[in-house]
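Only one structure is covered here, and it is reproduced in the block below.
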Amino acid sequence: MQAICNSLAVTGKVLNFLLFCLSSEHFRALLKKRLCYLFHLHHDSSRRHNMSTTATKTFSVPLNEL
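Numbering that gives the first Met the number 0 puts the first residue of the sequence shown at 0, with every later residue one more than the last.
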């Protein structure tokens, strides 16, 4: 019985998300903005990690330029 209730709850949440996507232009724009931000944040951090592990030269930036 609990498995059925959990399945119904998840199904309801998924349908709610889909209905918001279909019906609200504002919701779609906000979702796109947040997903792009998260993607770029993850992409930049993984790129920095790759650069720091494979770089042969390093440089420093004076603190007064930050």
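All residues carry an ideal CB built from backbone N, CA and C; glycine is no exception.
Check your understanding: By DSSP, does SER22 sit in helix, in strand, or in coil?
Key -> helix
Check your understanding: Roughly how many angstroms separate the alpha carbons of CYS35 and GLU24, rounded to a whole number?
Key -> 16 Å
Check your understanding: Using a Cβ-Cβ cut-off of 7 Å (strictly less than) and excluding sequence neighbours within five positions of PHE19, which residues of its own chain qualify?
Key -> PHE26
Review point. Quick one: Cα of ASN5 to Cα of LEU21, how far?
Key: 24 Å
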